[in-house]
Amino acid sequence: MSTVPVVRIPPVPALLPGTARPELCLNDRSGAAWELLPAPAEGLPAVDAACQDLPEGALPREGWVPLAVPGELAMQGFDIENNVEYLCRRRVEVPADFAGARVLVRFDGVYSNARVWADGRLVGAHVGGFTTWDCDVTDVARPGSSFELVVGVADVEGDNPGAHNPDGSHRGDPSWASYYAHHNIGGILRDVTLVALPATHVARLHVSTTFDDAWEDATLGVEVELAGEGAGEGAAVLLDLLDPAGEKVLEERAACDGRGRASLRADVAAPAKWDAEHPNLYRLEVTLEREGEVVEVVRERVGFREISFGGARGSEPNRVYVNGREVKLRGTCRHDVSDAYGRSTTRDEDRAEIEAYRAANVNHVRTSHYPPSRHLLEACDELGMYVEEETAACFQGTGGKHIHARPEDFLGTFAEMIERDRNRPCVIIWSLGNESAFERTPAFAAELAHARTVDPSRPLIFSYPYTVERMPLPYDIVSRHYESVDGILGGAHLPVLHDEFAHVPCYDIDELKRDPNVRSFWGHGLRAAWDNVFGTSGALGVDLWSGVDDVFPLPEGTGGRWQRHSRGTWPGYGEWGAILDCHRREKPEAFLVRKAFSPVRMDEKDFVVSGGRLLVPLTNRFDHTWLSELGLVARADGRELPAAYVRVPDLAPHASGVLEVALPGDAGEVREVSLAWTLAGREVDSFVIRLRPDVAGLPAAGAGAPTPELELTPAEIKVSCANGATFRFSRRTGTLEAAEWGGRAVVVGGPRLHLTGAELFRPWSPTLTPWAAVEGDHVTVALQGGYGTRVPLQFFCRIYGDGRMDVEWQTRDTNLSASALSEVGLSFELADDVCAVSWERDAPYARYPEGHIARGRGTARRVCPEALEAGYGARHPGWAWADDMFDAYLSEPGDGAWRVATSDFKALREHVRRYDVHFSAGDACVSALSDGRDAARVELIGAHPQLVVDNQWWYPQLAWGNDCGRPVQFVEGTTRGEVCLQVGPAARD
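Going by this note's numbering, the first residue of the sequence shown is number 13, and it counts up by one from there.
Below is the structure:
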């Protein structure tokens, strides 16, 4: 079968005469209303039986347990098997004022296959877990009484014999959603409601909007289809259109024909347009009358929005336009994720997610890889967010995979998606499927034909386009995944949407555990990537992969299935959220996305001061907003400047100009100017222009302190500094055995060549006895040896009276492969009681949110008491992401208690000027000093913490088209570097 079914999803009445509330919510997460039978029930009718009503006594009386609806079964501790049908039930009270009404039970999503019984009578069945469908229960829903609602849920995947494959044949859902989620997500995932409709009711309400050639005046198109007894006999519809302020701007009446249909087109003068920057919503009220009596009133929100593509209306064929203006999509992919209920989210969670995206300057979401909840789309309509809505088809027929879903399993949910969401202004693209093979099932061609027929107003996209073997092409936008961020990203003939782009790091678990800074490195590289997209003709935009971590805190007794990417007890595809983690906490990537996607493009280092005025080039990267619509607060050294001091050019969308700020008083004394841009009360971006930046290099060694004292014995070399620091080198081992201050050793080993990406295999062994000599204002200690024959090495340690030790190192004739290395530098073993690190560094941005791991200056504690007390696998953390100490996705329980530290503490700090290590006992401090060319972190391995100072570093495991940095360089098999260490008292602010 490759015929798309006819789908009707009647709008819920806003007014039904004689009925107080036409819609009742049947959700209940308290466990008081819904029950589950955890064991498969016996004696149920076969899914292909002619009669599937429940036999008398088919439901057992015992064994039912409380159930939260909506929510995954697995997330509630029920380790369900695939293809097995599990029964959920509740009593449903039918209000007395439902008398005379048609009564529906509406499901917004049951994964993946469902059968529904009302008082034992089969009233509906459905395939597909993410779309809205109805069961008519009128015949059993007696007003003023109740009925038993039973829902049979089967997570269909694989060849485990069950209700939908008793012969053990392989079955699959087109979304492949349980495979994708790394666990079985079966359950009632979305809202369940009881709906009352009049006997004759509006079964379909389709709305369209188009504009004239000047993009000023519009035409509203409305099509109404009735259903029920007599349908259109004596029926008419009255249309009232109310503007965003609630004022009526249109009133029309249309009679229904004999088939119960009415069509109307009405002119609307200069409506307030809908776009993602101006989400103006009108309210359409449709009153159904019959023989002059009001039957019902239904409402629909209308956004006056028209999409141009494919060269329509004189536009460029490789661009997409909304209301006549080119749009650039600053997007993200996203999944439904809840740390309590899995692929089941609430209205509040969905709205908060969209608000978080808007705060990050995201203007587009791709609903990978299934239609979202209606609540999420309502938020997109209201708040302003473009949407690529993707049908529930994923990984079908590619990568050597077979297609185990029938064509009809694709088509019903595709039709339901379009029918439910075609009126939404936020939806600007329909997606036929994700990373699938177009020609390997007739389903995709049938989807194409259906979309072209019922809604030609929106462009289509399909992934993977390279699997298409037909003309004309079945898409209007080319989908590309994981192109190089600095590559050629546009299309000459069709627009290119990179609807999976710049994958957030998540697969290299060792690196993520070792160094959370990889997330900041990813985010800082995104800025240049978006510059490339914005400036490229035919590059429609990007959707980051992804918005929210795809991680599921399964309770004990349930586990992951199908595939495994984690090492801990929580399964999922990865911690790939660019904005939120699975607990809905903001991640460090979010701020960096906000900066990269900023629609006000300025560079804090690109400015000129002339004639007492600060001149800053800027570009308005909004699509529909003039710069004059924004608010701007300017401050000089913290004091707000009067509006007269600031000249903001009134730039059109995508235009560039220069911002002028008059500097107060003696302009030469102003150190910095801060600029905060706002739109409709929301901060869009802020900048700090440092007019007198600190360009100091590495501080001079010694700082005038006396030359250290050198003491030589047969066993050791001892260097004593005027600041109280003492360095002890072993002549036997050829290493620094201790650096002391305040009567205790704070460095207990080193220097050691630090390589990430290669093993040294053998321990350090000296090849020459260490020697030392006083040389002017310092003592030089020379060490020579190697790690077997693979890495010969020399260290020259110059120690000054202020406790500073400059270590110059060089490898020679090494047979290491530079391409395999991600870090090259030195490490030093530290005392066990390291408690915090602090730093100052050259950061890409002048200011970061408080506690951000990439901030230019700060202190990170090793232990977060709240996280330590909660321990491994805390399901609802009350602390910030940066203070996490355990990660139940990345690490197994008990993964080395000595490794436990906050993410903030572990992160590499790049381009440091100073990096200080603090200890819980005493006032000692070990500092790495630099001119901004080095990076530093504390790594917790072995018996002791280690201070790592890198002279070269990059992140090759980022991959996926990302900017990975500058690879490690060797020159003729040799590499060298210098590390400056200082031991002494902790600095006082």
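Yeah, the Cβ is synthetic: ideal placement off N, Cα and C, and Gly gets one too.
Same chain, Cβ closer than 7 Å to residue i, five either side skipped, listed in chain order
i    : result
L27  : E308, V309
G580 : D899, A900, Y901, L902, S903, E904
G132 : D65, L66
P29  : V306
P269 : Before going on, a small fix: residue 269 reads as Asp here, not Pro. Same-chain partners within the cutoff: G244.
P186 : A404, A405, Q408, A417, D421, F422
Per-residue burial, residue i [other beta carbons within 10 Å of its own, 16 or more giving buried]
i    : result
E105 : exposed
M13  : Confidence is the limiting factor: at M13 the pLDDT is only 49, short of 50, which leaves the residue's position unreliable, though a coordinate-based value still follows. Classification for M13: exposed.
T779 : exposed
L556 : buried
D593 : buried
L201 : buried
S320 : buried
P34  : buried
L460 : buried
M483 : exposed
R978 : exposed
Y478 : exposed
R101 : buried
C147 : buried
L880 : exposed
D662 : exposed
N827 : exposed
Inter-residue CB distance, residue i and residue j (contact presumed, cutoff 8 Å)
i    : j    : result
V236 : R273 : 7 Å
P210 : A113 : 6 Å
L99  : A53  : 5 Å
G797 : G746 : 5 Å
A866 : P517 : In fact, because the Cβ distance is near 14 Å, the residues do not count as touching under 8 Å.
G141 : G121 : 6 Å
Nonlocal neighbours in the same chain, by C-beta distance under 8 Å from residue i, ignoring five residues either side
i    : result
D935 : G754, P997, A998
N446 : S380, H381, E402, A405, C406, F407, S475
H290 : A284, G396, H636, T637
P726 : R743
V621 : L627, L675, A679, L703
Bridge partners - residue i, DSSP secondary structure assignment
i    : result
K285 : F316
R824 : Answer is none; R824 lacks a bridge partner.
G170 : R183
K730 : E723, R740
S275 : E235
L780 : Q796
W965 : E835
W753 : R756
N335 : According to DSSP, N335 bridges with nothing at all.
W442 : E401, L472
R659 : E672
A126 : H138, V165
R651 : A648
E841 : G761, Q958
Own chain partners of residue i with C-beta closer than 6 Å, once the 5 adjacent residues on each side are dropped
i    : result
A551 : L501, G502, V508, V545
V991 : V819, L838, V961
R694 : none
S915 : P528, A894, D896
P957 : L842, V846, V950
V786 : L722
C733 : P720, G813, G815
G885 : A900
Inside the region 178 to 260 only - beta strand (DSSP E) runs reaching at least 3 residues: 204 to 209, 213 to 223, 230 to 239, 247 to 254
Worksheet entry | Inside the region 906 to 934 only - alpha helix (DSSP H) runs reaching at least 4 residues | 915 to 918
> What are the uninterrupted segments assigned as alpha helix (DSSP H) that are 4 or more residues long and contained completely in the region 604 to 635, given in chain order?
Replying inline: none
**Request:** Jot down the residue ranges of each uninterrupted beta strand (DSSP E) in the region 359 to 406, minimum 3 residues, whole runs only, in chain order.
**Result:** Runs found: 376 to 378, 398 to 402.
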